[in-house]
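Numbering-wise (the numbering used here), the sequence shown opens with residue 2 and increments by one.
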Amino acid sequence: MEIAVIGLGLIGGSLAMALKKLNPKKIWGVDIDP
């Protein structure tokens, strides 16, 4: 499974951390402000 999260603010960051528990092959995080 590969996951992309668009927007790494409060909600996107929390979502990415929760999805990490599913042990995906890759997680990408994209944000407009590096």
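For each residue, glycine too, the CB sits at the ideal point set by N, CA and C.
In the three-state scheme derived from DSSP, where H, G and I count as helix and E and B as strand, K27 is classed as strand. The alpha-carbon of L16 is positioned some 17 Å away from that of I33. Separation of G10 and W29 (C-alpha to C-alpha, rounded to the nearest whole angstrom) is 14 Å. Between K21 and E3, the C-beta gap is not smaller than 9 Å, which leaves the two residues out of contact.
Here A5 is bridged, per DSSP, to W29.
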